[in-house]
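Visitor:
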Amino acid sequence: MRLRQIVFAAEGLSAGAATLRTLLALDAPYRDTGVAEFGLDNAVFVFGGQFIEIVAPARAGTTAGRLLERRGDCGYMLILQTDDFGRELARFERLGVRRVWAKDLDDIRATHLHPKDIGGPIVSVDQPQPAAAWRWGGPDWKLQAGRAAMQRVLGVRIGASDPPAMAARWAQVLGLGAPAAHGAAQRLLLEGGWVDFEPADARGEGVSGCTLAVAERDAVLARARELGLAVARHALTLFGTRVELCEL
């Protein structure tokens, strides 16, 4: 189980996409018209072998729209990649975890878990075929040139009203090892990454931050300042989340 895509919700898609692209010096995004099913528009950026997506409501009454009303721009969803989709489905069934959406295609199988049955943001569990493929990144996605191809999302932080309880539930639902204390947080290990659960802030439960490994940290921080983003040492605030930066 590894983190393959992180999704943010933003009121303004064009402005948010432009900010993210400039900040991380990313290639042009892919627009997945399939998200219209959820009443959304989006922009999906390749980030190393992972993906960063921004979604914005295209009509009233969407889940993302209601989240934006409560939290403002924020983390929206995590997409985890598994190597055995059938194993995951069997465990969800055994635990009584509801699935609110599913897709079974030749090149990917995917399902969204009911947030009330796991806690925190929306979680999708997907299995692409082959493993290196990723339909949601577009038919022609490719790694960026040079060291940028090695950039990655290392971890995500989730704000929870009861961090140990939510961490334990995620471990159970996702078939992960038991959480362990990591400073004031509870950490779950993924393949090549992690999810930390920490006390929720005044906005309530949801994604509170992430850690990115970037090719040129100082350049990213300089661009963040130019964009008017809040910067503190090696971190910045983007889409209502604290983004910690580390060098590759």
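Its first residue numbered 59, the sequence shown is counted upward by one per residue in this note's numbering. Virtual Cβ for every residue (Gly too), placed ideally from N, Cα, C. Nothing here was measured: the structure is a model prediction, and the numbers come from that model.
Would you list the one or two residues that DSSP bridges to residue 258?
Guide: None; residue 258 has no bridge partner.
Visitor: Can you find the residues in the same chain that come closer than 6 Å, C-beta to C-beta, to residue 238, ignoring five residues on each side of it along the sequence?
Guide: Once the five neighbours on either side are set aside, the close Cβ partners of residue 238 are 245.
Visitor: Using 10 angstroms around the beta-carbon of residue 206, count the other beta-carbons present and answer buried if the total reaches 16, otherwise exposed.
Guide: Buried, since its Cβ has 16 or more Cβ neighbours within 10 Å.
Visitor: Give me the residue from 240, 251, 243 and 202 with the minimum Cα distance to residue 61.
Guide: Per the Cα distances, 251.
Visitor: Do three or more CB pairs link the stretch 63-80 to the stretch 98-111 at distances below 8 Å?
Guide: Yes, they touch.
Visitor: In the DSSP assignment, what residue or residues form a beta bridge with residue 54?
Guide: This structure does not reach residue 54, given that the chain is present from 59 up to 306, and the question cannot be answered.
Visitor: Quick check on DSSP: helix, strand or coil for residue 217?
Guide: Three-state DSSP puts residue 217 in a strand.
Visitor: Considering only the beta carbon of each residue, do residue 305 and residue 275 sit closer than 8 Å?
Guide: Against a cut-off of 8 Å, the Cβ pair of residue 275 and residue 305 comes out as a contact.
Visitor: Just confirm the distance between the C-beta atoms of residue 266 and residue 299, as a whole number of angstroms; I'd bet it's less than 8 Å.
Guide: Between residue 299 and residue 266 the Cβ distance is about 6 Å, and since that is below 8 Å, they are a contact.
Visitor: Beta-carbon separation of residue 218 and residue 258 under 8 Å?
Guide: Yes, the pair counts as a contact, with Cβ atoms nearer than the cut-off.
Visitor: Taking the beta carbon of residue 254 as the centre, do at least 16 other beta carbons fall within 10 Å, making it buried, or is it exposed?
Guide: Answer is buried; the Cβ neighbour count reaches 16.
Visitor: Closest to residue 262 by C-alpha separation, out of 130, 123, 231 and 151, would be which residue?
Guide: The shortest Cα separation from residue 262 among 130, 123, 231 and 151 belongs to 130.
Visitor: Whole angstroms are fine: how far does the CA of residue 222 sit from the CA of residue 56?
Guide: Because the chain is modelled from 59 through 306, residue 56 falls outside the range shown and cannot be assessed.
Visitor: Straight-line CA distance for residue 216 to residue 171?
Guide: Cα-Cα distance, rounded: 16 Å.
Visitor: Using a Cβ-Cβ cut-off of 6 Å (strictly less than) and excluding sequence neighbours within five positions of residue 187, which residues of its own chain qualify?
Guide: Only 165 meet the Cβ criterion.
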